[in-house]
Amino acid sequence: MFTYRDLEALQAKSLKMQGAIRNQTFSPESRKVLRRFSSWEVGELILKVNQSTLRGRLAADPTLPQGLVEDDGRQRWYSLDEINELRRRIKVNRQSLLPPRPQNKRAIRAAIANFKGGAGKSTVALHFAHAAALDGYRVLCVDFDPQATLSHSMGLSDVAEEYTVWGIMARDLIMETERMNSVARGAESGTALPQRKLPASITGMGLENLRMTDFIKPTNWPTIDILPSCANAAFVEFASAQYRHLNPEWSFFAAVSRYLDQLAPDLYDFIIFDCPPAIGYQSMNAVFAADVLYIPSGPGYWEYDSTTSFIGQLSEALEDLDRFSGNVPAGTMNLPKAFVDLRFLLTRFETSNELHGAMQQAFVKVFGDRVAEHPIELTRAVEQSGRFLSSIYEIDYRDMTRETWRRARASFDRAYDEFKTNMVAAWDQLEDKA
Ligand SMILES: Nc1ncnc2c1ncn2[C@@H]1O[C@H](COP(=O)(O)OP(=O)(O)OP(=O)(O)O)[C@@H](O)[C@H]1O
Ligand SMILES: [Mg+2]
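Residue numbers (our numbering): 32 to 465.
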């Protein structure tokens, strides 16, 4: 017979192994460190500037970052900070190399969501975040998934529970309940309205005293931060149900959106959400906070099936929210929830596989131009990089067959370019910041 104690013992063994793998994978200090990028990558793949033009500029202005020479001495290798400095200081044909960002808008938010497990959500979130950072954007990732795949991939492994989406939700409950109580106290109705009381287990954590930025952690990329998850955050679903019961008027699904609304509008450009493979309190917070919904799906029939049922259940959950009649701060919420853009993105796609081609046609037939034009191809580079918890952008091309690396990178680049185009178009439609 097996009880939770046996499961606990098995997990303890597994955690030990996990720690050992991390130590081998990351640097000797078991910290994930971002590599440098070669002048070939900087010119051709990152800044997209002719190599000789770039060399000319660097030679003409010795105050520009000059990178470091590694091994064979032929290439110079640049840190992302140096690349971003080049991007700020160099103009080509009087054109800035900075990526487009509409004036007067807050960061734009995309949720990568599907309740199908293994659809490629975390892989897509990780690669889009890295591609956007290499493109010059400042990125915030929010890990809504208690599996914490994205947090681990971004080098965060020891996260305290209160610094996760759960902390934000509990903090929001405390603050919203206090707001409702003070409105009730101030009411001039003569009869005192009831005051809601939260248990000390929630109010005693001091969450309301945390600063907004206490929840945000740096990653191994200088221009990517993360609001991480941790493996213990699985209880959030149970806790949230209890919280709703404590204050049924609390708009539980808007907690993260309220939190993000309070961040300085120009602190980040893209905010990317990795969602759990389930519809629940966390994923509802993710979709409610999102401007753009990206739905990755594998190219098989069963995946098509479950993507279909995902959109059905999401639709029902959003319709349910539309009936929400609780207490929200004036002028802060529009229902029904409307996304500025919505796309299906095929992942683990094999061009030579007839079944995949047929499924792609089926997707397009049904969902039309909601299907992203460029699927993400199945690649050994990512299978391999998954094992090492790294994106294709992080892997040094000298560590694998150059052709495999290039093909994988090209596939993610195409999908990212399309994502960026969609994001920038959606960005223009956001309201101007106050
Ligand atoms: N383009 C790809 N090529 C090869 N392998 C891939 C690709 N995309 C994802 N994978 C692999 O498929 C598996 C599942 O991917 P991933 O973790 O991104 O899915 P997920 O939707 O986030 O899963 P979960 O629902 O558990 O959160 C991983 O092992 C990953 O390395
Ligand atoms: Mg995942």
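Every residue gets a Cβ at the ideal spot worked out from N, C-alpha and C, and that includes glycine.
{"Check": "Just to confirm before moving on: does the CB-CB distance between VAL155 and ALA164 stay below 9 Å?", "Outcome": "no"}
{"Check": "With distance defined between alpha-carbon atoms, name the residue in GLU408, MET431, GLY399 and LEU376 nearest to SER383.", "Outcome": "GLU408"}
{"Check": "Per DSSP, what are the beta-bridge partners of GLN391 in this structure?", "Outcome": "In DSSP, GLN391 forms no bridge with anything."}
{"Check": "Using a threshold of 9 Å, state whether the C-beta atoms of ASN365 and GLU280 are closer than that.", "Outcome": "no"}
{"Check": "Output needed for ARG418: all residues of its chain with C-beta closer than 8 Å, excluding positions within five of it in sequence on either side, in chain order.", "Outcome": "Note that ARG418 scores a pLDDT of 48, beneath 50, so its modelled location is shaky and nothing firm can be said."}
{"Check": "Based on the DSSP secondary-structure assignment, which residues constitute the bridge partners of ARG445?", "Outcome": "Looking at the DSSP assignment, ARG445 forms no beta bridge with any residue, so it has no partner."}
{"Check": "Between the alpha carbons of GLN226 and LEU204, how many angstroms are there, rounded?", "Outcome": "14 Å"}
{"Check": "Over the uninterrupted beta strand (DSSP E) stretch that includes TYR325, give me the two end residues.", "Outcome": "323-328"}
{"Check": "For a quick check, are the C-beta atoms of SER328 and PHE375 less than 9 Å apart?", "Outcome": "yes"}
{"Check": "Let me confirm a value: GLN293 is counted as buried when at least 16 other C-beta atoms fall within 10 Å, else exposed. Which label applies?", "Outcome": "exposed"}
{"Check": "Check GLU280 in the structure and name its three-state DSSP category.", "Outcome": "coil"}
{"Check": "Just the residues with CB closer than 5 Å to a heavy atom of ligand 2, in chain order, which are they?", "Outcome": "LYS152, SER153 and THR180"}
{"Check": "Measuring CB to CB, does GLU334 end up less than 9 Å from ALA162?", "Outcome": "no"}
{"Check": "How big is the Cα-Cα spacing for HIS183 and ASN145?", "Outcome": "20 Å"}
{"Check": "Three Cβ pairs or more, each shorter than 8 Å: is that satisfied between the stretch 434-451 and the stretch 395-415?", "Outcome": "yes"}
{"Check": "For GLN126, write down the residues that DSSP places opposite it in a beta bridge.", "Outcome": "VAL123"}
{"Check": "Which first and last residues belong to the alpha helix (DSSP H) in which VAL318 is found?", "Outcome": "312-320"}
{"Check": "I need the straight-line Cα distance from PHE380 to LYS152, nearest angstrom please.", "Outcome": "14 Å"}
{"Check": "With PRO391 and PRO330 assumed to form a contact (beta carbons below 8 Å), what rounded beta-carbon distance in angstroms separates them?", "Outcome": "It is worth fixing the name first, because residue 391 is Gln in this sequence and not Pro. Right, their Cβ atoms sit about 6 Å apart."}
{"Check": "Expressed to the nearest angstrom, what Euclidean distance is found between the alpha-carbon atoms of ARG107 and GLN415?", "Outcome": "27 Å"}
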